[in-house]
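In the order they appear, the protein sequences are chains Z and B. Adding 44 to a residue's 1-based position in the first sequence gives its number in my numbering. Adding 154 to a residue's 1-based position in the second sequence gives its number in my numbering.
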Amino acid sequence: MTGTRVMVLFLWRKMGLYVLTLFLVCLLNFCLIHLMPGDPLVHLLGEEGYSRLDSRNSQSINALRAQLGLDRSKAEQFVNYIQKVVTGDWGWSHHYGQPVVQVIGRHLLWTLILLGPALATSILGGGWLGAWAGWRSRRMVGQWPAYVVLGLYAIPAYCMGLGVLMATSRWHWMPWAGPAGSGIGIWNHSARLALPLSVIILQGAAYKFMIMRNAVREELDAAYVLTALSKGLSDRQVLYGHILRNVLPPFIAVTALNIGFMVGGTLLVEVVFAWRGMGTLIHQAVIARDYPVLSGTLTALATSVLVANAAADVIHALLDPRVGQGVALE
Amino acid sequence: MPCSIRASARGLPLSKGRQSTQCFWSATAVTCLGAVLLWQIDPAPVNDPYLAPSVTHLLGTDNSGRDVLALTARATVISLTVGLGAALGATLIGALVGCLAGYRRGVIDTLLMRLTDVFLLVPTLPLVLVLAAYLGPGVFNAGILIGLTAWPSTARVIRARVLSLRDSPFIVNARSMGAGSSYLILRHILPNCGELLLAKASLAVAAALLSEAGISFLGLGDPVRPTWGNMLHDALSGAALINGAWWWFMPPLACISSAVMVFHLVASALGRTRFPAGIARRAIGAHEPPRCDPPHSSTQQLEVRGLTIGFDDATRTEKIAVDALDLTVSHGDKIAIIGATGSGKSLLLLGLLGLLPGDAHVGGQIRVEGHNLNTLSPCQWRRYRGTTAGYIPQGIGDALNPLLPIGRQVAERMWVHLGISRRTALATATDQLSAMGFPDPARLARSYPHQLSGGMKQRVLIAMALAGQPTIVLADEPTKGLDPAAVGKIGRLLTALDQKTVLAVTHDLGFAQILGGRVVVMHAGRVVEQAPADLFFKAPLHPYACALLAAQPSRGMQISGTIPENRKGTTENGCSYRHRCPLRVDACRQRPPLFLYGRQRVRCWRYAT
Chain Z
45 MTGTRVMVLF LWRKMGLYVL TLFLVCLLNF CLIHLMPGDP LVHLLGEEGY SRLDSRNSQS
105 INALRAQLGL DRSKAEQFVN YIQKVVTGDW GWSHHYGQPV VQVIGRHLLW TLILLGPALA
165 TSILGGGWLG AWAGWRSRRM VGQWPAYVVL GLYAIPAYCM GLGVLMATSR WHWMPWAGPA
225 GSGIGIWNHS ARLALPLSVI ILQGAAYKFM IMRNAVREEL DAAYVLTALS KGLSDRQVLY
285 GHILRNVLPP FIAVTALNIG FMVGGTLLVE VVFAWRGMGT LIHQAVIARD YPVLSGTLTA
345 LATSVLVANA AADVIHALLD PRVGQGVALE
Chain B
155 MPCSIRASAR GLPLSKGRQS TQCFWSATAV TCLGAVLLWQ IDPAPVNDPY LAPSVTHLLG
215 TDNSGRDVLA LTARATVISL TVGLGAALGA TLIGALVGCL AGYRRGVIDT LLMRLTDVFL
275 LVPTLPLVLV LAAYLGPGVF NAGILIGLTA WPSTARVIRA RVLSLRDSPF IVNARSMGAG
335 SSYLILRHIL PNCGELLLAK ASLAVAAALL SEAGISFLGL GDPVRPTWGN MLHDALSGAA
395 LINGAWWWFM PPLACISSAV MVFHLVASAL GRTRFPAGIA RRAIGAHEPP RCDPPHSSTQ
455 QLEVRGLTIG FDDATRTEKI AVDALDLTVS HGDKIAIIGA TGSGKSLLLL GLLGLLPGDA
515 HVGGQIRVEG HNLNTLSPCQ WRRYRGTTAG YIPQGIGDAL NPLLPIGRQV AERMWVHLGI
575 SRRTALATAT DQLSAMGFPD PARLARSYPH QLSGGMKQRV LIAMALAGQP TIVLADEPTK
635 GLDPAAVGKI GRLLTALDQK TVLAVTHDLG FAQILGGRVV VMHAGRVVEQ APADLFFKAP
695 LHPYACALLA AQPSRGMQIS GTIPENRKGT TENGCSYRHR CPLRVDACRQ RPPLFLYGRQ
755 RVRCWRYAT
């Protein structure tokens with residue numbers, strides 16, 4: 045069937061864009077390490093490691109340079125670098141004394157534990173409430189819910205986290221914050237998860253609420269809504285059966301673009317609550333000037349965001365028959 | 155020549171938001187003035203650390219004894235400077251990229267848009283963080299990086315606007331007079347993006363403030379130049395939480411939040427896209443129920459008594475759209491309601507369905523089969539719409555839901571109201587479609603509205619209305635925008651419904667003639683003539699009806715001039731047509747009643763008996 049073929053073509057084009065994005069992120073990382081003023085070895089080993097090696101003998105430095113391929117041409121080095129990134133050799137973290145991939149893998153897991161439920165809850169909850177608010181806005185003249193939500197949206201999640209921590213710091217009966225890890229029970233884990241998760245959800249849901257509410261409000265004037273009402277359908281049937289169908293594809297597209305913003309917010313919340321995820325990792329890597337880890341976090345986070353976007357594209361293509369028939373490819 | 159180019163551009167929608175633009179600039183000026191004043195305050199570390207707020211230190215002191223109020227003032231200046239600067243850079247880059255891509259199109263557009271997409275996909279905060287880590291800490295590094303990474307969303311919006319402007323008549327006109335590209339972009343296209351650019355710039359300031367705060371919060375800020383994020387960083391690493399020094403957190407926290415909120419509100423005031431102000435919207439299906447009149451017994455199928463529909467307009471006077479309308483319809487009648495655009499005939503149909511806009515004032519009484527519609531509960535209303543009154547919307551436009559298959563849309567009414575399963579309903583819907591003369595109804599049931607022509611959509615809508623086995627069919631301009639062959643088809647379909655009552659609102663006199671039955675002529679919300687179709691087309695009585703027939707081939711039937719506005723308690727007490735009537739007499743200042751003249755009814759003093 046041609047319909048599915050056009051849909052597959054649409055998805056392939058999107059995937060091409062994602063691969064290009066990843067490639068450019070790698071190129072940026074490469075340029076930062078190799079084209080910045082100063083010796084690339086300093087960026088790779090850290091200043092401390094470099095001076096330690098340098099003071100011992102310059103021969104071992106040259107040997108290391110040859111081993112890392114730093115004496116070859118830039119183009120050759122770049123091809124080499126891409127190969128390494130693809131095969132999972134992301135360099136050595138001098139701060140953690142471990143391969144970067146291991147360090148990032150461990151921390152990324154904790155971030156995803158926070159981010160996954162937060163994304164799902166905020167999209168479903170915020171979207172659902174926003175849709176109802178948009179539908180109800182035909183009757184309500186007052187706009188106060190929209191302003192309350194804008195207020196919530198304006199407070200960055202980590203600021204909200206700081207405020208909440210301040211308020212709860214008197215109650216010591218529960219471990220509100222702290223590194224989650226091995227050795228503590230499920231109770232401790234969920235207790236430490238509760239606050240960061242709820243501030244991220246609150247802030248993320250506020251954005252989705254605003255987007256969804258406005259999308260539904262704009263749809264209210266469409267002629268098909270009058271048609272649906274004239275059939276004697278109930279509010280629920282019109283909203284879920286007719287309006288949401290039309291609003292969901294653009295809503296998903298906007299939400300997908302917002303994932304990157306939510307990742308940033310999550311990183312900062314992690315630092316506030318000392319959650320042992322990518323945010324804390326970046327924080328420590330910045331202090332320790334651990335450049336391989338920093339580059340690695342960018343690659344890893346960009347990849348996560350792209351995967352989420354790809355998932356959103358598939359959902360979009362399934363929801364909108366026009367994509368399948370090549371009508372709304374842009 | 156350039157003079158005429160300019161003249162052609164004079165009608166542009168430029169002045170619309172001039173007021174909000176002035177607001178924006180004056181707010182900026184006040185901010186700058188405040189910044190200069192605030193900069194004079196010097197937070198010198200001469201006090202005790204962790205002092206709680208008191209009279210001498212309104213916001214207390216931090217861990218090294220600096221006054222938090224003075225620190226906040228200074229941080230505010232730096233944060234806003236960085237935010238505004240970065241947003242300015244981002245907006246300039248975005249405008250440039252958007253204009254280039256939208257105006258040049260082709261390869262440049264593709265390349266720039268791919269680049270924009272890539273930037274939109276990479277999570278901004280990690281990207282800026284990594285870049286800032288390499289460039290070294292510092293507020294101004296951060297500002298430059300934010301400016302270089304925050305432009306893509308602006309570029310996208312501007313490109314879309316430029317693409318739509320580029321082919322608009324005034325641009326084509328200017329180009330045909332020999333205007334060059336740079337002249338067009340600078341003089342015609344950019345000025346029309348002004349509002350949008352300012353709105354995006356305001357959002358960019360909010361985003362830049364957030365990014366800068368995030369970067370500084372992670373310790374990549376400048377220790378010498380405090381910003382809000384920097385203060386939060388110092389507070390977190392300075393053990394403010396453990397010492398309970400809430401006064402150290404709260405000022406930067408409140409500043410960030412309120413600044414983000416203010417810039418979002420400014421953006422929405424400029425763009426009017428996100429939060430339209432609290433104006434009651436004309437949303438359908440949300441009006442208050444009509445005021446009840448004393449009951450009236452009747453055996454007619456549909457009886458409308460004194461139906462009045464009005465709206466409040468900007469000057470708070472009530473504008474009457476339908477004026478004390480009486481209409482009696484018996485079983486099997488075919489009625490064509492004709493009249494010019496704005497004569498209130500579509501509102502009459504919506505009134506019969508209980509789906510008037512939310513701000514409509516409704517009076518009078520509608521009785522269907524003897525039941526007063528004013529007393530129906532919402533549930534009874536839905537049942538009435540689903541099974542008694544079948545509404546046929548206009549086929550052109552998006553009356554069919556673009557994302558649902560045709561079969562489902564036709565069948566929906568049946569499974570909701572007739573209590574049959576979805577499968578049976580879909581099968582019945584296919585039968586219904588084949589009765590509308592579609593050769594391959596099964597295939598049609600699976601297709602989507604964008605695959606259909608206007609005439610096909612109209613026939614699908616008729617099938618949809620008939621699906622609920624209604625006794626009254628209400629059609630809203632069923633032949634609008636159709637070619638004569640399709641008009642004939644629709645006419646035959648509707649006349650074939652012998653047992654059903656058909657009420658069709660139309661501009662199309664030819665269609666009214668095909669429909670047969672009775673013709674009702676409306677003017678300015680009043681019925682001016684009611685006559686059997688055969689009589690009406692031979693010998694119309696009312697001067698307005700005569701003019702309508704004389705102007706027959708023209709579309710939309712605007713004869714000349716405008717329809718007089720009918721306002722409650724103002725002037726319009728006489729005949730609504732008297733200002734343009736060639737036969738007016740002094741008596742026309744009085745409001746004429748409906749006179750019976752043979753088998754015709756006419757609202758004109760000439761037929762007074």
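For every residue, glycine included, the Cβ atom is placed at its ideal position computed from N, Cα and C. A quick note: this is a predicted structure, and the numbers were derived from the prediction, not measured.
I474/B by DSSP, collapsed to three states: which one? strand
Separation of M256/Z from F761/B, as counted between CA atoms: Looking at the sequence provided, one finds Tyr at residue 761/B rather than Phe. So the two alpha carbons sit approximately 58 Å from each other.
Since L213/B and P380/B are thought to touch, with beta carbons under 8 Å apart, how far apart are those beta carbons, to the nearest angstrom? Not confirmed; about 14 Å, so no contact.
So, is the C-beta of L89/Z closer than 7 Å to a C-beta in chain B? no
Should I550/B be listed as close to the ligand GDP, given that the test is whether its C-beta is under 6 Å from any heavy atom? Ligands displayed in this structure: none; no statement on the ligand GDP is therefore possible.
CA-CA distance, A181/B and R315/B? 26 Å
Do G301/B and A244/B have their C-beta atoms closer together than 7 Å? yes
Would you verify that the beta carbon of L373/Z is, or is not, closer than 7 Å to some beta carbon of chain B? Note that L373/Z scores a pLDDT of 38, beneath 50, so its modelled location is shaky; the value from the coordinates is reported in the next line. No - not a single Cβ of chain B is within 7 Å of the one on L373/Z.
Three-state secondary structure (DSSP) at P167/B? Below a pLDDT of 50, predicted positions are generally treated as unreliable, and P167/B, at 39, falls in that range; the measurement from the model is reported next regardless. It is coil, neither helix nor strand.
So, are the CB atoms of T155/Z and G321/Z less than 7 Å apart? yes
Min CB distance N290/Z to chain B below 7 Å: yes
Using CA coordinates, which residue listed in V52/Z, L114/Z, L108/Z and V63/Z is at the minimum distance from L79/Z? L114/Z
When you compare the stretch 743 to 754 of chain B with the stretch 727 to 735 of chain B, are there three or more beta-carbon pairs, one atom per stretch, that lie closer than 8 Å? yes
Residues in the same chain with beta-carbon distance under 6 Å from H571/B, minus the five sequence neighbours each way, listed in chain order, please. G540, T541 and G622
Based on DSSP bridge pairs, tell me the residues matched to E349/B. Paired residues: none, contrary to the question.
Flag this pair as yes or no: are the beta carbons of L108/Z and H138/Z separated by less than 7 Å? no
Between the stretch 393 to 414 of chain B and chain Z, which residues of the former have a C-beta closer than 7 Å to a C-beta of the latter? L395, W400, F403, L407, I410, S411 and V414
Which of the three DSSP states, helix, strand or coil, is assigned to S242/Z? helix
Need the endpoints of the beta strand (DSSP E) that F749/B sits in, please. F749 to Y751
On the CB-based measure, 16 or more other CB atoms within 10 Å of its CB, does G464/B come out buried or exposed? buried
Round the Cβ separation of I369/B and A255/B to the nearest angstrom and send it over; I've been treating them as touching at under 8 Å. Actually they do not touch by this definition, with Cβ atoms about 29 Å apart.
Give a yes or no on whether the minimum CB-CB distance between L345/Z and chain B is below 7 Å. yes
Starting from the beta carbon of H286/Z, find every residue of chain B whose beta carbon is closer than 8 Å, and list them in chain order. N555 and L558
Between the beta-carbon of I244/Z and the beta-carbon of A162/Z, is there less than 7 Å? yes
Segment contact flag, the stretch 683 to 693 of chain B with the stretch 649 to 660 of chain B, C-beta cutoff 8 Å, min 3 pairs: no
With 16 as the cutoff for other CB atoms within 10 Å, does E120/Z come out buried or exposed? exposed
Please check the pair L173/Z and M254/Z, which I expect to be a contact at CB under 8 Å, by giving their CB distance rounded to whole angstroms. Wrong, their Cβ atoms sit about 11 Å apart, outside the cutoff.
Would W305/B and G248/B qualify as a contact pair, given that the criterion is a beta-carbon distance under 7 Å? yes
Whether A475/B touches A355/B by CB criterion (7 Å): no
Spatial distance of I191/Z from Y197/Z (CA atoms): A small fix is needed here, since residue 191/Z is Tyr in this sequence, not Ile. About 10 Å.
Secondary structure, alpha helix (DSSP H): runs of 4+ residues fully inside the stretch 243 to 296 of chain Z: 267 to 274
Provide the residue span of the alpha helix (DSSP H) that contains D466/B, from first to last. Counting along the chain, D466/B falls outside any alpha helix (DSSP H), though it belongs to the beta strand (DSSP E) covering L456 to D466.
Which residues of the stretch 233 to 249 of chain Z have a Cβ closer than 9 Å to any Cβ of chain B? Give them in chain order. none
Which residues in the same chain as R261/Z place their Cβ atom closer than 8 Å to its Cβ, once the five residues preceding and following it in sequence are excluded? G178 and S181
Quick one: does A107/Z have its CB under 7 Å from some CB of chain B? no
At 8 Å on the CB atoms, spell out the chain B contacts of Q111/Z, in chain order. By Cβ distance, chain B contributes nothing, its closest Cβ being about 24 Å from Q111/Z, past 8 Å.
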